[in-house]
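Here the numbering used here runs 4 ahead of the position in the sequence shown, where the first position is 1. What follows is a short report on a single structure.
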Amino acid sequence: MIEWLWPWILVLAPLPWLVRRLASPVRSQGLALRAPFFDEWRQLSESQRGRSSTSGAIPLLSLWLLWLLLLVAAARPVWIGEPIELPNSGRDLMLAVDISGSMRIEDMQLGQAVARRIDAVRQLGAEFIVRRTGDRLGLILFGTNAYVQSPLSFDTATVKRFLLEARIGFAGQETAIGDAIGLAVKRLKERPAESRVLILLTDGQDTASSVQPLDAAKLAANLGIRIYTIGIGADEMTLPGLFGSSFGSRQVNPSAELDEAGLQEIAKITGGQYFRARSPQELANIYQLLDQLEPVEQETATYRPRQALGYLPLLLALLLSFLLALRHCWSPAGWRADKTNAQALREGL
């Protein structure tokens with residue numbers, strides 16, 4: 005369906021005809037200028053009387069068409085498509101992902117290869133994001149500082165891309181859990197209270213926040229924001245011995261600095277839940293559990309795509325003007341007439 009934003013402009017279509025019809029001719033009270041080359045002009049006029057009336061009508065019709073095309077463009081036609089239903093589960097879900105220096109520890113097993121924690125988070129997190137069709141998703145990355153990498157949006161493909169492009173240390177080497185929660189609260193507080201969710205994933209403890217994590221969690225609870233916390237990292241890993249051999253190797257806990265008690269308290273205060281991901285498989289299971297969050301029923305939103313069409317008549321008007329100019333320049337009769345007029349003008353002067 006085509007809609008006109010300024011349809012009243014189309015009433016100007018007969019304006020050139022009205023001007024020509026109603027305007028009185030200019031009458032000069034003085035003597036006419038006698039042109040010494042008048043005879044040449046008269047002969048030229050008589051020589052062109054035999055030309056077809058159709059060839060004379062073409063430029064006139066073209067000018068009318070040009071005028072109508074300009075009016076159509078000025079009336080701003082817009083194509084309005086059929087209503088499109090937006091899938092909407094009613095959830096506004098913000099992901100907060102730790103990209104501090106400790107996320108480069110290689111204690112995850114992806115297939116047959118040992119991988120860094122951030123690699124597991126990116127791969128499985130991307131799969132989780134793809135399944136969230138219908139939710140508004142946003143992404144916060146945090147290290148020493150926290151910042152919004154992607155605001156809340158239905159565009160899950162963009163959120164996924166930003167997560168896959170996350171780089172360790174980009175936000176600093178420390179961990180600001182409290183600041184990440186505070187930033188998420190700031191972004192979520194304007195959304196409906198029943199639908200606001202934060203998923204926070206980290207492998208350490210707060211070391212750099214200007215706001216204490218529990219204080220930020222209490223603020224989130226007051227605003228009805230649920231926080232699900234995920235602690236990632238294996239419980240043990242083997243460090244190789246001398247020259248990479250098994251001699252002198254030892255078992256260590258790479259997650260010794262993980263503040264599980266703090267993450268559990270954050271989830272408890274906000275009505276969420278704490279999950280422990282010691283392997284990629286456990287992290288995948290956690291994401292599947294998070295997929296089962298009950299959506300809030302809301303009215304389905306619809307929109308009608310709109311596309312401006314004003315450029316089409318403008319392009320046609322430009323093309324028509326170009327063709328008229330070519331016709332005048334390359335027409336033999338027109339070229340000879342211009343040459344004769346110019347010659348007569350030079351001789352008379």
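For each residue, glycine too, the CB sits at the ideal point set by N, CA and C. Please read these numbers as outputs of a predicted model, since none were measured by experiment.
Going by DSSP, what residues sit across from residue i in a beta bridge?
{"i": "residue 235", "result": "206, 280"}
{"i": "residue 311", "result": "83"}
{"i": "residue 142", "result": "98"}
{"i": "residue 241", "result": "256"}
{"i": "residue 113", "result": "118"}
{"i": "residue 3", "result": "Nothing about residue 3 can be read from this structure; the chain reaches only from 5 to 353."}
{"i": "residue 157", "result": "141"}
{"i": "residue 6", "result": "83"}
{"i": "residue 24", "result": "Beta-bridge pairing links residue 24 to no other residue."}
{"i": "residue 201", "result": "97, 230"}
Quick one: what's got a C-beta closer than 8 Å to residue i's C-beta in the same chain, skipping five residues either side?
{"i": "residue 240", "result": "255, 256, 257, 258"}
{"i": "residue 268", "result": "233, 278"}
{"i": "residue 72", "result": "17"}
{"i": "residue 308", "result": "84, 85, 86, 87, 88"}
{"i": "residue 22", "result": "none"}
{"i": "residue 287", "result": "124, 125, 128, 234, 236, 281"}
Near residue i, which residues of its chain fall below 7 Å by C-beta distance, leaving aside the five closest residues on each side in sequence?
{"i": "residue 213", "result": "180, 181, 182, 183"}
{"i": "residue 58", "result": "The pLDDT assigned to residue 58 is 49, lower than 50, so where the model puts this residue is not dependable, and the model offers no usable value."}
{"i": "residue 314", "result": "77, 80, 81"}
{"i": "residue 14", "result": "75, 79"}
{"i": "residue 318", "result": "77"}
{"i": "residue 20", "result": "71"}
Can you tell which of the options has the C-alpha that lies nearest to the C-alpha of residue i?
{"i": "residue 295", "options": "132, 8, 12, 155", "result": "132"}
{"i": "residue 156", "options": "168, 174, 191", "result": "191"}
{"i": "residue 101", "options": "306, 5, 83, 178", "result": "178"}
{"i": "residue 264", "options": "274, 280, 217", "result": "280"}
{"i": "residue 231", "options": "188, 211, 325", "result": "188"}
{"i": "residue 120", "options": "204, 142, 282", "result": "282"}
{"i": "residue 164", "options": "125, 196, 194", "result": "125"}
{"i": "residue 134", "options": "115, 117, 158", "result": "158"}
{"i": "residue 328", "options": "115, 194, 204, 67", "result": "67"}
{"i": "residue 69", "options": "195, 291, 321", "result": "321"}
{"i": "residue 115", "options": "289, 284, 24, 311", "result": "284"}
{"i": "residue 222", "options": "272, 194, 196", "result": "272"}
{"i": "residue 208", "options": "261, 220, 227, 195", "result": "261"}
{"i": "residue 291", "options": "334, 204, 118", "result": "204"}
{"i": "residue 1", "options": "242, 324, 330, 312", "result": "This structure cannot speak to residue 1, because the chain is shown only from 5 to 353."}
With distances taken between CB atoms, is the gap from residue i to residue j smaller than 9 Å?
{"i": "residue 122", "j": "residue 175", "result": "no"}
{"i": "residue 150", "j": "residue 173", "result": "no"}
{"i": "residue 112", "j": "residue 238", "result": "yes"}
{"i": "residue 364", "j": "residue 270", "result": "Only positions 5 to 353 of the chain appear in this structure, which leaves residue 364 out of reach."}
{"i": "residue 210", "j": "residue 147", "result": "no"}
{"i": "residue 167", "j": "residue 129", "result": "yes"}
{"i": "residue 235", "j": "residue 206", "result": "yes"}
{"i": "residue 202", "j": "residue 107", "result": "no"}
Using a Cβ-Cβ cut-off of 6 Å (strictly less than) and excluding sequence neighbours within five positions of residue i, which residues of its own chain qualify?
{"i": "residue 56", "result": "In this prediction, residue 56 scores a pLDDT of 49, lower than 50, which makes its location untrustworthy; no coordinate-derived value is stated."}
{"i": "residue 35", "result": "Only weak support is given to the placement of residue 35: the predicted model assigns it a pLDDT of 49, under 50, and the value that follows is read from those uncertain coordinates. Correct list: empty, nothing qualifies."}
{"i": "residue 200", "result": "96, 192, 229"}
{"i": "residue 310", "result": "82, 84"}
{"i": "residue 7", "result": "82, 84"}
{"i": "residue 45", "result": "At residue 45 the pLDDT is 47, less than 50, meaning the model places this residue with poor confidence and gives no usable figure here."}
Determine, for residue i, whether the minimum Cβ-Cβ distance to residues of chain B falls below 9 Å.
{"i": "residue 135", "result": "Included in the structure is just one protein chain, with no chain B present."}
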